[in-house]
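*Asks:*
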Amino acid sequence: MKKHQKTLLVALPLVAAMSLVGCKNMSADDLTSLGMKSLKAATLSDNDVKALSQKSCAQMDAQSRIAPKNSVYTKRLNKIAKALGNNLDGTPINYKVYITKDVNAWAMANGCVRVYSGLMDMMTDNEIQGVLGHELGHVALGHSKKAMQVAYATEIARDAAAASGNAKLASLSNSSLGALASAVINAQFSQKQEQDADNYSFDYLVKKKINPTGLATAFDKLGGGDSSILSSHPSSSARADNIRKKIAELKK
Numbered sequence: 001m002k003k004h005q006k007t008l009l010v011a012l013p014l015v016a017a018m019s020l021v022g023c024k025n026m027s028a029d030d031l032t033s034l035g036m037k038s039l040k041a042a043t044l045s046d047n048d049v050k051a052l053s054q055k056s057c058a059q060m061d062a063q064s065r066i067a068p069k070n071s072v073y074t075k076r077l078n079k080i081a082k083a084l085g086n087n088l089d090g091t092p093i094n095y096k097v098y099i100t101k102d103v104n105a106w107a108m109a110n111g112c113v114r115v116y117s118g119l120m121d122m123m124t125d126n127e128i129q130g131v132l133g134h135e136l137g138h139v140a141l142g143h144s145k146k147a148m149q150v151a152y153a154t155e156i157a158r159d160a161a162a163a164s165g166n167a168k169l170a171s172l173s174n175s176s177l178g179a180l181a182s183a184v185i186n187a188q189f190s191q192k193q194e195q196d197a198d199n200y201s202f203d204y205l206v207k208k209k210i211n212p213t214g215l216a217t218a219f220d221k222l223g224g225g226d227s228s229i230l231s232s233h234p235s236s237s238a239r240a241d242n243i244r245k246k247i248a249e250l251k252k
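In this text, residue positions in the sequence shown follow the working numbering: the first is 1, and each later residue adds one.
And the structure:
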């Protein structure tokens, strides 16, 4: 049942696109192709997700300003990452800093981890370790794979709109708004997924002999500002309280 629910979730963007463009504008071959692509999106393998993540990360790197190797930011991140490790469940981790005032950090299934300088300006090394542990948790727990499936299905839906012959829809689907929408969808994890990633980060930090307090204080700081990390996430104060309770239990 759960497998069918996941397939339905991924297929929804395609259904929406077809309702907008109208099946009458699509040939039988087009509809068959869409159906096959929908199935592909819902059944992306781990290797498929890693390959798509590799291309997505390369595109993000190409359009972003990356801190050079000799920059203060890169040297600092290398120090932070050394304690976290350079491998996640057999996948090598690649760390880089984007020079931007935005406060964010993310990880992809191919081991691509990117930290924004705005986040580094706001947080201590220990807090950044907590945030990165959380982002790695999304990858390790399969959340990133599910998000990639939905994003992939959304791209297919945009292709369907572009192929429909409707000039207005084609124009919208080919705009940068479509790519931004995919990025937003990729970041919309459920409350349970966020909580699971928080707990993963706590356990990961403890395993690596890193003080988990930084994870709690990171939530304190993020809760007081405008950060894309917390968009659609659970209450930052509740998340900080959860980590502090786990720290207290650890000391018993």
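Beta carbons are placed, not taken as given, at the ideal position from N, Cα and C, and that holds for glycine. In this text the structure is predicted, and so the values were computed from the model without any measurement.
1. Any idea if Asp220 is buried or exposed, counting beta-carbon neighbours within 10 angstroms, 16 or more meaning buried?
2. With a Cβ-Cβ cutoff of 8 Å, do Lys146 and Ala109 count as a contact?
3. Who are Tyr152's beta bridge partners in DSSP?
4. Check each candidate in Leu250, Lys251 and Asn47 and name the one with the smallest Cα separation from Met148.
5. From Ile243 to Gln193, what distance separates their C-alpha atoms?
6. Quick one: what does DSSP say Ile99 is sitting in, helix, strand or coil?
7. Work out the CA separation of Tyr116 and Asn104 for me, nearest whole Å.
8. Indicate the three-state DSSP secondary structure (helix, strand or coil) for Ala67 in the structure shown.
9. Rounded to the nearest angstrom, how far is the Cβ of Ser236 from that of Leu222, given a contact under 8 Å?
10. Any beta-carbon of chain C closer than 8 Å to the one on Leu44?
11. Quick check on this structure: which residue in Pro212, Lys245 and Val150 has the alpha carbon closest to the alpha carbon of Leu44?
12. Kindly indicate the opening and closing residues of the beta strand (DSSP E) around Ala105.
13. Does the beta-carbon of Arg65 have 16 or more other beta-carbons within 10 angstroms, so that it is buried, or is it exposed?
14. Going by Cα to Cα distance, which pick from Asp89, Arg76, Asp102 and Asp198 is closest to Tyr95?
15. To the nearest angstrom, how far is it from the Cα of Ala58 to the Cα of Trp106?
16. Lys252 to Thr213, Cα distance in whole Å?
17. Going by C-alpha to C-alpha distance, which of Lys55, Lys79 and Glu127 sits closest to Asn211?
18. Determine the contact status of Thr74 and Ala67, defining contact as a CB-CB distance below 8 Å.
19. What are the start and end residues of each continuous beta strand (DSSP E) run of 3 or more residues lying completely inside the stretch 108 to 144, in chain order?
20. I need the boundaries of the alpha helix (DSSP H) containing Lys207, first residue and last residue.
21. Tell whether a beta-carbon distance below 8 Å holds between Lys79 and Asp125.
22. Enumerate in chain order the residues of its own chain whose CB-to-CB distance from Ala216 is below 6 Å, with the five nearest sequence positions on each side excluded.
23. Grab me the residues of Leu112's own chain with a C-beta within less than 6 Å of its C-beta, minus the 5 sequence neighbours each way, in chain order.
24. Would the beta-carbon of Tyr204 fall within 8 Å of that of Leu52?
25. Please state the DSSP three-state secondary structure of Leu52.
*Replies:* Short version:
1. Mapped onto the sequence shown, residue 220 falls at position 220. It counts as exposed.
2. Here residue 146 corresponds to residue number 146 of the sequence shown, with the count starting at 1. Here residue 109 corresponds to residue number 109 of the sequence shown, with the count starting at 1. No, Cβ-Cβ distance for Lys146 and Ala109 is not below 8 Å.
3. Taking the first residue of the sequence shown as 1, we reach residue 152 at position 152. None; Tyr152 has no bridge partner.
4. The count along the sequence shown starts at 1 and reaches residue 148 at position 148. Ranking the options by Cα distance to Met148, first place goes to Asn47.
5. The residue given as residue 243 occupies position 243 in the sequence shown. The residue given as residue 193 occupies position 193 in the sequence shown. Their backbone Cα atoms lie some 15 Å apart in a straight line.
6. In the sequence shown, the residue the question calls residue 99 occupies position 99. Of the three classes helix, strand and coil, the one that applies to Ile99 here is coil, per DSSP.
7. The count along the sequence shown starts at 1 and reaches residue 104 at position 104. The count along the sequence shown starts at 1 and reaches residue 116 at position 116. Using only the alpha carbons, I get a separation of about 5 Å.
8. Taking the sequence shown and counting its residues from 1, one reaches residue 67 at position 67. Three-state DSSP puts Ala67 in coil, outside helix and strand.
9. Locating residue 236 in the sequence shown gives position 236, counting from the first residue. Locating residue 222 in the sequence shown gives position 222, counting from the first residue. Right, their Cβ atoms sit about 5 Å apart.
10. The question asks about chain C, but that chain is absent: this structure has only one protein chain.
11. As a working mapping, residue 44 is identified with position 44 in the sequence shown. Out of Pro212, Lys245 and Val150, Val150 has the C-alpha closest to the C-alpha of Leu44.
12. Sequence index remark: in the sequence shown, residue 105 carries index 105 (1-based). Residue range Ala105 to Ala107 is occupied by the beta strand (DSSP E) that includes Ala105.
13. Indexing the sequence shown from 1 puts residue 65 at position 65. Its Cβ having fewer than 16 others within 10 Å, Arg65 is exposed.
14. Taking the sequence shown and counting its residues from 1, the one referred to as residue 95 is at position 95. Ranked by how close their Cα comes to the Cα of Tyr95, the residues Asp89, Arg76, Asp102 and Asp198 have Arg76 in first place.
15. As a working mapping, residue 58 is identified with position 58 in the sequence shown. As a working mapping, residue 106 is identified with position 106 in the sequence shown. Here the C-alpha atom of Ala58 lies approximately 14 Å from the C-alpha atom of Trp106.
16. By 1-based counting over the sequence shown, the position of residue 252 is 252. By 1-based counting over the sequence shown, the position of residue 213 is 213. Per the coordinates, the alpha-carbon of Lys252 lies some 16 Å from the alpha-carbon of Thr213.
17. For the purposes of this step, residue 211 is taken as the residue at position 211 of the sequence shown. Residue nearest to Asn211 within the set Lys55, Lys79 and Glu127 is Glu127 (criterion: CA-CA distance).
18. On the sequence shown, residue 74 is found 74 positions in, with the first residue counted as 1. On the sequence shown, residue 67 is found 67 positions in, with the first residue counted as 1. Note that the C-beta distance between Thr74 and Ala67 is below 8 Å.
19. Annotation note: the stretch 108 to 144 contains the following uninterrupted beta strand (DSSP E) runs of length 3 or greater, listed N- to C-terminal: 112 to 116.
20. On the sequence shown, residue 207 is found 207 positions in, with the first residue counted as 1. First-last of the alpha helix (DSSP H) with Lys207: Gln191 to Lys207.
21. In the sequence shown, residue 79 corresponds to position 79, counting from 1. In the sequence shown, residue 125 corresponds to position 125, counting from 1. Between Lys79 and Asp125, the CB-CB gap stays under 8 Å.
22. Sequence index remark: in the sequence shown, residue 216 carries index 216 (1-based). For Ala216, where only same-chain residues beyond five positions count, the Cβ hits under 6 Å are Ala240, Ile243 and Arg244.
23. For the purposes of this step, residue 112 is identified with residue 112 of the sequence shown, where counting begins at 1. Note on identity: in this sequence residue 112 is Cys, with Leu being the wrong assignment. Short of 6 Å from the beta carbon of Cys112, and not among the five residues preceding or following it, lie these beta carbons of its own chain, in chain order: Cys57 and Asn94.
24. For the purposes of this step, residue 204 is identified with residue 204 of the sequence shown, where counting begins at 1. For the purposes of this step, residue 52 is identified with residue 52 of the sequence shown, where counting begins at 1. Between Tyr204 and Leu52, the C-beta gap is not smaller than 8 Å, which leaves the two residues out of contact.
25. On the sequence shown, residue 52 is found 52 positions in, with the first residue counted as 1. Helix, per DSSP.
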